[in-house]
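Everything below concerns the one structure shown next.
Numbering (full-length UniProt numbering), first residue to last: 1 to 340.
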């Protein structure tokens with residue numbers, strides 16, 4: 001463990017798929033990890049050398065801060081409980097399922113004097129960070145048109161993902177990464193237009209579904225995001241193309257770069273397998289270390305609570321656009337607080 005993180009005790013809340021990469025990352029930085037979950041805690045603890053705690057209050061009493069990796073619909077309640085206990089919070093994306101709820105959590109954290117970081121891990125992936133740095137350095141001039149895509153084997157065949165009131169659907173659950181990237185790389189958003197096929201019916205997402213969202217940015221740039229929950233066995237792929245006035249940045253995860261993230265060998269069950277990267281350490285490890293250093297008074301991380309809320313706001317606007325068939329003006333759009 002680095003000196004700046006010595007004696008770190010983390011409370012991991014949840015024991016689902018993404019908890020494994022979080023647990024491995026915390027152990028890699030030498031943290032003591034307490035885990036609480038309604039199910040799966042014992043198995044996770046045995047696999048990664050964690051300590052099982054029997055209640056949320058028990059974790060909050062002992063942990064320096066919490067890392068929330070539970071299903072999306074529970075994020076708000078758990079985050080507010082942690083904040084009320086005076087604990088700093090790291091929370092998996094989406095921060096909550098509505099922007100109104102996200103701002104309620106942010107306001108509570110500010111009032112309590114605690115910090116809140118949403119885990120938008122794509123900002124820590126080397127290719128996306130390199131694109132951000134290149135754009136900030138002016139290497140491609142003024143950004144004009146950007147495209148982002150993300151596809152995965154659909155998790156909606158089982159569990160809570162099909163219920164949009166619990167997952168937010170494919171845009172809130174999967175595309176939210178690229179909505180954040182579009183804003184990070186292209187600037188603040190002025191309008192949002194979205195379509196999805198097949199449509200969500202009675203709050204239930206299709207198992208196999210694709211969504212397209214077009215964003216207009218304050219700079220005049222236009223970006224397009226595509227997210228797909230594909231048939232069982234669909235390889236996880238992601239990529240982008242960002243065209244500027246003097247150059248183009250491109251990346252695709254299946255382009256033989258040595259950096260891949262895949263759903264395979266049990267993808268139908270939702271098991272997430274992330275092989276080691278030949279380009280360096282896991283971006284999840286990079287992310288959590290940066291958060292922990294920030295929580296201990298170090299440099300501010302590259303993603304803040306307001307970024308998480310804005311990504312949710314854009315996803316919520318996309319849903320409103322699908323319902324109305326019209327573009328949404330972000331200057332006047334108000335979060336209703338209704339999930340589905």
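Backbone N, C-alpha and C fix where the C-beta goes; we use that ideal spot for every residue, glycine too. On a predicted model such as this, the values are computed, not experimentally measured, just so you know.
| Query | Result |
| --- | --- |
| Our contact map puts residue 195 next to residue 215 with C-beta atoms below 8 Å; I'd like the distance itself, whole angstroms only. | In fact, because the Cβ distance is near 13 Å, the residues do not count as touching under 8 Å. |
| Could you please give me the residues that DSSP links to residue 194 through a beta bridge? | 213 |
| Are the beta-carbon atoms belonging to residue 50 and residue 23 less than 8 Å from one another? | yes |
| May I ask you to list the residues that DSSP assigns as paired with residue 230? | 153 |
| Under three-state DSSP, which class holds residue 291? | helix |
| Spatial neighbours of residue 84 within its chain, please: CB distance less than 8 Å, with the 5 preceding and 5 following residues excluded, ordered by chain position. | 108 and 112 |
| So, for residue 238: in the same chain, excluding its five sequence neighbours on each side, which residues have a beta-carbon less than 6 Å away from its beta-carbon? | 150 and 253 |
| Can you tell me the Cα-Cα spacing of residue 97 and residue 336, whole angstroms? | 11 Å |
| Going by DSSP in three states, residue 158 sits in which element: helix, strand or coil? | coil |
| What residue does the beta strand (DSSP E) around residue 312 start on, and which one ends it? | No beta strand (DSSP E) holds residue 312; the alpha helix (DSSP H) holding it covers 305-324. |
| List, from N- to C-terminal side, the alpha helix (DSSP H) runs of 4 residues or more that fit wholly inside the region 48-110. | 56-62 and 75-84 |
| Please report the residue range of the alpha helix (DSSP H) in which residue 181 lies. | 176-186 |
| Leaving out five residues on either side along the sequence, give the residues of the same chain with a beta carbon under 6 Å from the beta carbon of residue 290. | 301 |
| Do residue 89 and residue 56 have their CB atoms nearer than 8 Å? | no |
| Starting from residue 164, follow the alpha helix (DSSP H) in both directions and report where the run begins and ends. | 164-167 |
| Going along the chain, which residues of its own chain have a beta-carbon closer than 6 Å to the beta-carbon of residue 174, five neighbours each way excluded? | 150 and 227 |
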